[in-house]
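Colleague: Residue numbers (this note's numbering): 1403 to 1738. Note that beta-carbon positions come from the ideal geometry of N, C-alpha and C, so glycine has one too. Once you've had a glance at the structure underneath, I'll fire off some questions.
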């Protein structure tokens, strides 16, 4: 495979293979009791992910993941998804269609988040994708994405009360909840890749660029959450949160199974990575090579949120919006 240039080029595929015992298994209350295998594609601003699930009775198990670092946020020109961006999305979706066909599976659903939601030509881009691939794209609103992320990552299994943070490539969804009940939701129109593309001139942000990123996060927080409710604990969702945890486990010599980041861990990570030395760069290349340019902008977002909400720690979830979509739109929807 040809590696993707940071701002342009052919997307790079990553195939972790079958997940086996490490894959999450979910139980859906009120499931329809039928058996099915379903592929769900998350058409995101940074990555395009395919997850294939096997559902039996009220239980669903993740069979495999596939990820392509498409970087669709970098194909937005003057507020529109460019023809090149649409072409890249179509190429990846057609690859996923072929994979599903070769595996003998036919049920493939696609949803888009900020990648198509935050552009001015949403309808035209979605129509072109359907014309080329035959796949209809369900474009989620920010509120829908936040709710589905909460449903997939937190409800019934995560901390009983706290803040869900779904940090993506082009948007960040926040859900404040108590007793597993949602109090408020909002979607910030910023993510790790969009912040990198907008503010960073090199590979890693300079001191002034870091300040600009933090100021942008604070500005959007004031706009969308003027009366935010403090929280001690957060559930982190998305590739940046997972990558940050993986880097922290290596840097601090913790167990690779550790999924908790404290607010102090975030500050220490930023201190190490804001001006990375050669050893830090080797660690990044080992732990998260496909996020070497977006991890620091993402860490600034998480650190800014931790300070604003008074967070003590983050628990990084292996589930998120795809599992919420599976449960709400596919599994429960099939029984209606």
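#1: Report all residues from its chain with a CB closer than 8 Å to the CB of residue 1706; omit the five preceding and five following residues, and keep chain order.
#2: Where does residue 1507 fall in DSSP's three states?
#3: With distances taken Cα to Cα, identify the nearest neighbour of residue 1629 among 1578, 1655, 1448 and 1598.
#4: For the beta strand (DSSP E) that residue 1676 lies in, which residues bound it at each end?
#5: Quick one: Cα of residue 1499 to Cα of residue 1448, how far?
#6: Label residue 1549 either buried or exposed according to how many other C-beta atoms from any shown protein chain fall within 10 Å of its C-beta, with 16 as the threshold for buried.
#7: If you run the structure through DSSP and keep just helix, strand and coil, what is residue 1526?
#8: Beta-carbon separation of residue 1585 and residue 1631 under 8 Å?
#9: So is residue 1673 buried or exposed if we call it buried at 16+ other beta carbons inside 10 Å?
#10: From residue 1539 to residue 1521, what distance separates their C-alpha atoms?
#11: Secondary structure at residue 1636, three-state DSSP: helix, strand or coil?
#12: To the nearest angstrom, report how far apart residue 1505 and residue 1438 are at their CA atoms.
#13: For residue 1511, which option in 1720, 1496, 1712 and 1479 has the closest C-alpha, if you only look at C-alpha atoms?
#14: Can you tell me where the alpha helix (DSSP H) holding residue 1651 begins and where it ends?
#15: So is the beta-carbon of residue 1504 under 7 Å away from any non-hydrogen atom of the ligand PLP?
#16: On the CB-based measure, 16 or more other CB atoms within 10 Å of its CB, does residue 1605 come out buried or exposed?
#17: Thinking C-beta only, is residue 1492 closer than 8 Å to residue 1534?
#18: Given residue 1638, which residues of its chain have a CB within under 6 Å of its CB, disregarding the five upstream and five downstream residues?
#19: Buried or exposed: residue 1480, going by 16 or more other Cβ atoms within 10 Å of its Cβ?
#20: Does the Cβ of residue 1583 have 16 or more other Cβ atoms within 10 Å, making it buried, or fewer, making it exposed?
#21: For residue 1480, name the three-state secondary structure that DSSP assigns.
#22: Indicate the three-state DSSP secondary structure (helix, strand or coil) for residue 1627 in the structure shown.
#23: On a CA-only basis, which of 1709, 1597, 1489 and 1626 is nearest residue 1666? Give me that one, please.
#24: Tell me the DSSP secondary structure of residue 1467 in three-state form.
#25: Measuring only the C-alpha atoms, how far is residue 1692 from residue 1660?
#26: Who are the near neighbours of residue 1612 in its chain, counting only those whose CB is closer than 7 Å to its CB and skipping five residues on each side?
#27: Among residues of its own chain, excluding the 5 on either side of residue 1518, which ones have a beta-carbon nearer than 8 Å to its beta-carbon?
#28: Just how far apart, CA to CA, sit residue 1477 and residue 1625?
Modeller: Taking the geometry as given:
#1: Numbered from its first residue, the chain shown carries residue 1706 at position 304. Hits under 8 Å: 1616, 1619, 1620 and 1623.
#2: Taking the chain shown and counting its residues from 1, the one referred to as residue 1507 is at position 105. Under the three-state reduction of DSSP, residue 1507 is assigned to coil, being neither helix nor strand.
#3: If you number the chain shown from 1, residue 1629 lands on position 227. Looking at the Cα atoms, 1578 is the closest of the given residues.
#4: As a first step, residue 1676 must be located in the chain shown, where it is residue number 274. Annotation: residue 1676 is outside any beta strand (DSSP E) and is labelled neither H nor E by DSSP.
#5: Taking the chain shown and counting its residues from 1, the one referred to as residue 1499 is at position 97. Taking the chain shown and counting its residues from 1, the one referred to as residue 1448 is at position 46. In this structure, the straight-line span from the alpha carbon of residue 1499 to that of residue 1448 is close to 20 Å.
#6: By one-based count along the chain shown, residue 1549 stands at place 147. Result: buried.
#7: Stepping through the chain shown from its first residue, residue 1526 is reached at position 124. Judged by DSSP in its simplified three-state form, residue 1526 adopts helix.
#8: Reading the chain shown from its first residue, position 183 is the one you call residue 1585. Reading the chain shown from its first residue, position 229 is the one you call residue 1631. Closer than 8 Å, so yes.
#9: On the chain shown, position 271 is the one that residue 1673 refers to. Exposed is the call here.
#10: Position 137 of the chain shown holds residue 1539. Position 119 of the chain shown holds residue 1521. Approximately 15 Å, taken between the alpha carbons.
#11: Residue mapping note: residue 1636 aligns to position 234 of the chain shown, counting from 1. Residue 1636 falls in the strand class under three-state DSSP.
#12: Residue 1505 sits at position 103 when you count from the first residue of the chain shown. Residue 1438 sits at position 36 when you count from the first residue of the chain shown. So the two alpha carbons sit approximately 14 Å from each other.
#13: If you number the chain shown from 1, residue 1511 lands on position 109. Looking at the Cα atoms, 1496 is the closest of the given residues.
#14: Translated into the one-based positions of the chain shown, residue 1651 becomes position 249. Looking at the DSSP string, the run of the alpha helix (DSSP H) that includes residue 1651 is 1641-1653.
#15: Ligands displayed in this structure: none; no statement on the ligand PLP is therefore possible.
#16: Along the chain shown, read from residue 1 onward, the residue named residue 1605 stands at position 203. Burial call: exposed.
#17: Within the chain shown, the letter at position 132 stands for residue 1534. Within the chain shown, the letter at position 90 stands for residue 1492. Taking a C-beta distance under 8 Å as the contact criterion, residue 1534 and residue 1492 qualify as a contact pair.
#18: The residue you call residue 1638 lines up with position 236 of the chain shown. Answer for residue 1638: 1567, 1716 and 1718, listed in chain order.
#19: Looking up residue 1480 in the chain shown gives position 78. Residue 1480 should be labelled exposed.
#20: Against the chain shown, residue 1583 aligns to sequence position 181. Result: exposed.
#21: Along the chain shown, one-based indexing puts residue 1480 at 78. Three-state result, residue 1480: coil.
#22: Taking the chain shown and counting its residues from 1, the one referred to as residue 1627 is at position 225. It is coil, neither helix nor strand.
#23: Within the chain shown, residue 1666 is the residue found at index 264, counting from 1. Just measuring C-alpha positions, the residue of 1709, 1597, 1489 and 1626 sitting nearest residue 1666 is 1709.
#24: As a position in the chain shown, residue 1467 is number 65, starting the count at 1. Residue 1467: strand per DSSP, three-state reduction.
#25: In the chain shown, residue 1692 corresponds to position 290, counting from 1. In the chain shown, residue 1660 corresponds to position 258, counting from 1. If I take the Cα positions, the gap works out to 21 Å.
#26: For the purposes of this step, residue 1612 is taken as the residue at position 210 of the chain shown. Correct list, in chain order: 1676 and 1702.
#27: As a position in the chain shown, residue 1518 is number 116, starting the count at 1. Taking C-beta separations shorter than 8 Å and ignoring five residues to either side along the sequence, the partners of residue 1518 in its chain run 1445, 1483, 1524, 1527, 1528, 1539 and 1541, following chain order.
#28: Residue 1477 sits at position 75 when you count from the first residue of the chain shown. Residue 1625 sits at position 223 when you count from the first residue of the chain shown. Cα-Cα distance, rounded: 27 Å.
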